[in-house]
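Asks: Below is one structure. I have some questions about it.
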Amino acid sequence: MTDTTFAYHQAIALADLPVYEAEAFAEKLGSCLAQGLRLLCLTALAREAEKTSLLAVFTNDATQKLTAFCAKPLTSLPSLADSYPSVQLFERELFEDYGVKFPGHPWLKPVRQTPDNTPQRYPFFRTDGREVHEVAVGPVHAGIIEPGHFRFQCFGENVLNLEIALGYQHRGLEQCLLQAKPSARLPLLECAAGDTSIGHALAHAVLMERLTGLTVSDRSWHLRRLALELERLANHIGDLGAIAGDTGFLPTSSWNGRIRGDVLTMTAILTGNRFGRGHIAVGGVHNDLDAELCADLIHRLDFARRDALGSVKVMLTSESVLDRLRTTGTVSLKDAKALGLVGVCAKAAGVVCDARLTAPLRPGQNFIPAKCETGDVLARVLVREEEMRASFAMVEDDLCALEEGSPEERGYAPSPILPTGMLAVAQVEGFRGEIVHLAVTNEHSGFQVYKVIDPSFHNWQGLAMALRDNQISDFPLCNKSFNLSYCGYDL
Amino acid sequence: MFGIIKERFHQKYRTLDFPAKEPFLPGRFKGRPEIKAINCANCHICQDLCPTEAIQHIDGHPAIDLGRCTFCGACAQCCPQKAIAFGRNYHVASADRKALLVKAGDSAAFPTPQALTKPLFRRSLKLRQVSCGGCAACEADTNVLGTLLYDLGRFGIDFVASPRHADGILVTGPVTKNMAPALFDTYRAVPDPRIVIAVGSCAISGGLFATSSQCLGGIPEEIPVDLFVPGCPPNPWSILAGLLELQKNR
C-alpha cells in the first residue's frame, strides 16, 4: 500500500488511509521514525471486543507534509520506545486507556493514574546503595501551583534520577469534549491549560476551519495573532521574572510580575478577560478594536516593552545571575531530539522547531525561530528573551494594521456542521511550544476522536533529563526554566 | 549595581492604594451580570448556548447561577432582547452559595461571611492553596496578588507552605478524583478553627467539568466552604475584595 501524505492544513477522509496489521503497522512506525519524521500523534480510533484500532500521524517539518495510517483492531503491538523514546508516552497512554500491550517497552506504567490513588500501585524507580537517598515532593506544593509528584534518587546532593508522576490534574477533558454540546467545546479547550487559553482555543478553531472549509478574514487573523503573541509575551515575561526569583535576583523578579500583569491587562482590553477567554471563535474572533482602542494598546505596548527590556537587561548583565544559570540543567541536542521535545526547551538545545515556521497558520509568513545551542537554563532564558522581542514586534505590526483598517461586524455564529469521517490536524505554536489538536469526525457532526497534545506532554521528560547529575537544589530553577503545564499533560 | 538602581527609579512605585482607590478595569470587563425582567416566552437561546448550564428560567425570566457561570458572555451576546448584561461590579464573592443565583432585577450586595468576623483572623490570615484540577488560571490570578500592584502582604494575608501554618485553605479546580485524597489530607491538617475559600466556578460547582466522571463537581460537601469567589478565573480584584470581606478589613 502506498503512503498517504497530505499538506498539514488539509482535511482527509479516514477511509483513504492505509490500514495495516499489527506487525506491519509497527514496521511502518519504525520506518517513518528512522526517516526522521516526527510523530505528532499515536492514538486509538475505536475499540471493539477488547481490540483497539490505531491511528498514527507523522509530520515532515521540511516539506510541511503529514503522513497518516491506521492499524486494524489489535490487542498488542511491539514497542518502539527503546529505540525511539519519543513514542514511549503514546504507548503508555494506549496501555492505560485501552489496555493495549506493548511487549518490549522498557517501563510500561500508567500516565495519569496517580501512584497513591489506584488499585494497581506501581513502583518508582529506585537506586540502591550506601548513601543513596530518596526525596519525595508533592502532590501539593509549597507555592500556588498545580499538583504533581516528584521522586528524586540522590547521591549526596546530586540527583541520579528524577521520576515525575503526574495525573493529579486529570479532569477527563478529551472525554468531556466528545460529549459536550458544540458551544461548550471552545470554553473547555480554553481550560486545557489555562495560561495557554488562546493557544488551545486557536488550535481548535483552526481544526474546525480545516474540517469545514470556513475561511477567516485578514482582520480576524491579525486579531488572532495579536492575542496569541500577547499570551506569549505575558508568559515569557512572567517566566523570566520567576527564573530571576529562583536565582535570588529580586529586582527583575518583582518588576516582571507587574509587567506581566500589564500585558494581561492589554489582553483584557481586547477581550474582557485577562487570559483572552471568549476571544477566539470558529471562523474568526469575537472582539474587534476601533482606532481609539488600538492607539491605547500601542501606547501601553511601548511602556510594557521599555519596562520589560529594561528589567530583563538588568538581570542579564548581572554576572552572579549568569553564573547561576550557565551549565545548570543542561539538555543535549541528542536527548532533545530523541525525546521529541518541542518549544522553548528544544530551541534552547539547538532544535529548529516552531509551528510558526513548520506549519504556518497563514501562508507567506517567513518566520525565523529563536535558537540557542547550550541547552542549559541560560539558553532557555535567552530563547525567551529573543521570542519576547519578536512578539513585541509582531504585536506592534498587528496593532498598526488594525488601526488603519476598520472594525468588522461580528455576530454570534452557530457551530458549523461537520463532515463525516474526516481527519484533520492543527499545529499552533503556544508560548511553551507546539500545541497539536487532532480530530476524526463522526456521522453526528461530532467527534469520534479528539486528541489534545499540549507541549508539556513531551517536555516533562526533558525536565527529568535536565536534572540528571545536577544538585537537588537546582530543581526549582530548572523547573521554572521549563515552566510546564500539569493540567496540559494530565488534561 | 548603579544599573539596578537606575532601573529601579524607572520602574517606579506601582502598588495601588486598594481599597481606598478603585482599580482600573478594562471597558470590556465582565463583572456581576444584570438581568432585566423581560418576557422570554419560549426563547431559551441563552439556556441552550450556556456551556455550563448556569442559566435557568425562573418566573419566565433568565437567572444565572454565578457558581457555575464562566462569565463567557455568550448569553449576553445571543439574547435577542438584550436582557442580560455583564456589569462592572467586581464584588462577586459571597458567603452564601444560594445567593450566587442572580435573578432578574437583583442588584443587592452578596452576603458577607458572618462566622468569619472572628477577630482571630482580622490582622493575620495565613492560607494554604490547594489546586485540585485547576487549569492554572485561578492559580495564576491568586498568585498575582503577591505582585507589586496588589501587594497582598500589606493586608496581613499570606500564602504559606504548610497546612500546619495555615488558618485555612484556598481551593481551585473541579476537584479531580486523583486530588481528592490530598485535598482531604490538607484540610484535616489545618488546625481548627479553619476556613475554606473556593476560587473559581470549577471549585464551586465543577464548572465546565461538572459532569466529568473524573471529577467530584467541586469541593465536596464534607468540606464546608466559607467564601465563594465565582469566575473563570475570577479577576484578581474580585479575589482580593473577597479576602478583605473575610477579614472585615475594609
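Residue numbers (our numbering), protein chains in the order written: chain W, 1 to 491; chain V, 1 to 250.
Where is the CB? At the ideal position from N, CA and C, for every residue including glycine.
#1: Which one or two residues does DSSP pair with residue 39 (chain V) in a beta bridge?
#2: Tell me whether residue 91 (chain W) sits in a helix, a strand or coil according to DSSP, three-state version.
#3: Going along the chain, which residues of its own chain have a beta-carbon closer than 6 Å to the beta-carbon of residue 250 (chain V), five neighbours each way excluded?
#4: I want to verify the contact list: residues of chain W whose CB lies under 7 Å from the CB of residue 178 (chain V), in sequence order.
#5: Check whether the Cβ atoms of residue 90 (chain V) and residue 203 (chain V) lie closer than 8 Å to each other.
#6: Using a Cβ cut-off of 8 Å, pull out every chain V residue sitting near residue 257 (chain W), in sequence order please.
#7: Identify, in the order they occur along the chain, each residue of the same chain with its Cβ nearer than 6 Å to the Cβ of residue 92 (chain V), setting aside the five sequence neighbours on each side.
#8: Please report the straight-line C-alpha distance between residue 44 (chain W) and residue 253 (chain W), rounded to a whole angstrom.
#9: Give the secondary structure of residue 344 (chain W) by DSSP, where H, G and I count as helix, E and B as strand, and everything else as coil.
#10: With C-beta atoms as the reference, is residue 411 (chain W) less than 8 Å away from residue 454 (chain W)?
#11: Which of the three DSSP states is assigned to residue 38 (chain W) in this structure?
#12: Which one of W:448, W:91 and W:76 has the shortest CA to CA distance from residue 82 (chain W)?
#13: Using 8 Å as the threshold, is the segment 33 to 41 of chain V in touch with the segment 53 to 66 of chain V, meaning 3 or more CB pairs across them?
#14: Name the residue from W:271, W:322, W:86 and W:251 whose alpha carbon lies nearest to the alpha carbon of residue 36 (chain W).
#15: Kindly indicate if chain W contains any beta-carbon less than 8 Å away from that of residue 139 (chain V).
#16: Could you spell out where the beta strand (DSSP E) holding residue 153 (chain W) opens and where it closes?
#17: Could you tell me which whole beta strand (DSSP E) segments of length 3 or greater appear in the segment 398 to 434 of chain W?
#18: Can a CB atom of chain V be found closer than 8 Å to the CB of residue 489 (chain W)?
#19: Select from the segment 227 to 239 of chain V all residues with a C-beta closer than 9 Å to any C-beta belonging to chain W, and list them in chain order.
#20: Do residue 327 (chain W) and residue 478 (chain W) have their beta-carbon atoms positioned less than 8 Å apart in this structure?
#21: Given a cut-off of 8 Å, decide if residue 72 (chain W) and residue 137 (chain W) are closer than it, judged by their beta-carbon atoms.
#22: Taking the DSSP output, what are the residues bridged to residue 46 (chain W)?
#23: Any Cβ of chain V within less than 8 Å of the Cβ of residue 430 (chain W)?
#24: Establish whether the CB of residue 70 (chain V) and some CB of chain W are separated by less than 8 Å.
#25: For my contact list, residue 219 (chain W) and residue 408 (chain W) are in at a C-beta cut-off of 8 Å; report their separation, rounded to the angstrom.
#26: Which runs of the beta strand (DSSP E) at least 3 residues long sit entirely within the segment 196 to 234 of chain V? Give them in chain order.
#27: Please list the partners that residue 99 (chain V) has in chain W, where partner means a Cβ-to-Cβ separation under 9 Å.
#28: Run through the DSSP bridge pairs and tell me what residue 251 (chain W) is partnered with.
#29: What does residue 70 (chain W) pair with, by DSSP beta-bridge criteria?
#30: Could you give the first and the last residue of the continuous beta strand (DSSP E) run that contains residue 62 (chain V)?
#31: Beta carbons nearer than 7 Å to chain W: which residues of the segment 41 to 56 of chain V have them?
#32: Secondary structure at residue 250 (chain V), three-state DSSP: helix, strand or coil?
#33: Short of 7 Å Cβ to Cβ, which residues in the segment 62 to 95 of chain V face chain W?
#34: Comparing C-alpha positions only, which one of W:434, W:416, W:440 and W:435 sits nearest to residue 422 (chain W)?
#35: Would residue 305 (chain W) pass as a contact of residue 214 (chain V) if the rule is Cβ separation under 8 Å?
Replies: Reading it off the structure:
#1: The partner list for residue 39 (chain V) (beta bridge, DSSP) is empty, contrary to what the question assumes.
#2: helix
#3: Interpretation of residue 250 (chain V) is limited by its pLDDT of 38, a score under 50 that renders its predicted location unreliable; the figure taken from the coordinates is listed afterwards. These residues qualify, in order along the chain: 19 and 244.
#4: 114, 117, 167, 168 and 170
#5: no
#6: 144, 146, 147 and 148
#7: 32, 230 and 238
#8: 44 Å
#9: helix
#10: no
#11: strand
#12: W:91
#13: yes
#14: W:86
#15: yes
#16: 149 to 155
#17: 422 to 429
#18: no
#19: 232, 233, 235 and 236
#20: no
#21: no
#22: W:53
#23: no
#24: yes
#25: 6 Å
#26: 227 to 229
#27: Result: empty, since nearest Cβ-Cβ is about 24 Å, beyond 9 Å.
#28: For residue 251 (chain W), which the question treats as bridged, DSSP gives no partner whatsoever.
#29: W:19 and W:55
#30: 61 to 65
#31: 49 and 51
#32: Any reading at residue 250 (chain V) must be qualified, since the residue scores a pLDDT of 38, below 50, and its modelled position is unreliable; no value is offered.
#33: 70, 72, 73, 74, 77 and 78
#34: W:440
#35: no
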